[in-house]
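J.: So the sequence shown is numbered by the working numbering: it starts at 13 and just counts up by one.
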Amino acid sequence: MLIIINGEERTVSHSLLRDILVELDYPLSGIAVELNGTILPMDTYESTQISAADRLEIVCFVGGG
């Protein structure tokens with residue numbers, strides 16, 4: 013399935029957001045995910061279905077100082 017992640021077209025083999033994050037090697041914590049302009053609560057990652065042409069913005073938090 014073709015979706016857009018951080019402005020780039022990507023092909024993924026899953027439709028569940030949590031599975032897509034794992035497939036693309038994103039951590040399941042310390043990130044923020046926006047789906048089609050709406051920020052998703054972390055507790056919805058396991059139930060959120062992604063459809064072809066959906067737009068995801070994924071931001072990873074990095075510690076440091």
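All C-beta atoms in this analysis are idealised placements derived from N, C-alpha and C, irrespective of residue type, glycine included.
Output the distance between the C-alpha atoms of Ala44 and Leu14, rounded to the nearest integer angstrom.
T.: Stepping through the sequence shown from its first residue, residue 44 is reached at position 32. Stepping through the sequence shown from its first residue, residue 14 is reached at position 2. For Ala44 and Leu14, the distance between alpha carbons rounds to 21 angstroms.
J.: Can you tell me where the alpha helix (DSSP H) with Val34 in it begins and where it stops?
T.: Taking the sequence shown and counting its residues from 1, the one referred to as residue 34 is at position 22. First-last of the alpha helix (DSSP H) with Val34: Leu29 to Glu35.
J.: Decide if Ile51 is buried, meaning its Cβ has at least 16 other Cβ atoms within 10 Å, or exposed.
T.: If you number the sequence shown from 1, residue 51 lands on position 39. Ile51 should be labelled exposed.
J.: Give a single yes or no on whether Asp55 has its beta carbon closer than 8 angstroms to a heavy atom of the ligand MG.
T.: The model depicted lacks the ligand MG and carries no ligand whatsoever.
J.: Counting C-beta neighbours from all protein chains within 10 Å, is the total for Leu36 16 or more, i.e. buried, or is it exposed?
T.: Position 24 of the sequence shown, counted from the first residue, corresponds to residue 36. Counting Cβ neighbours within 10 Å, Leu36 comes out exposed, since fewer than 16 surround it.
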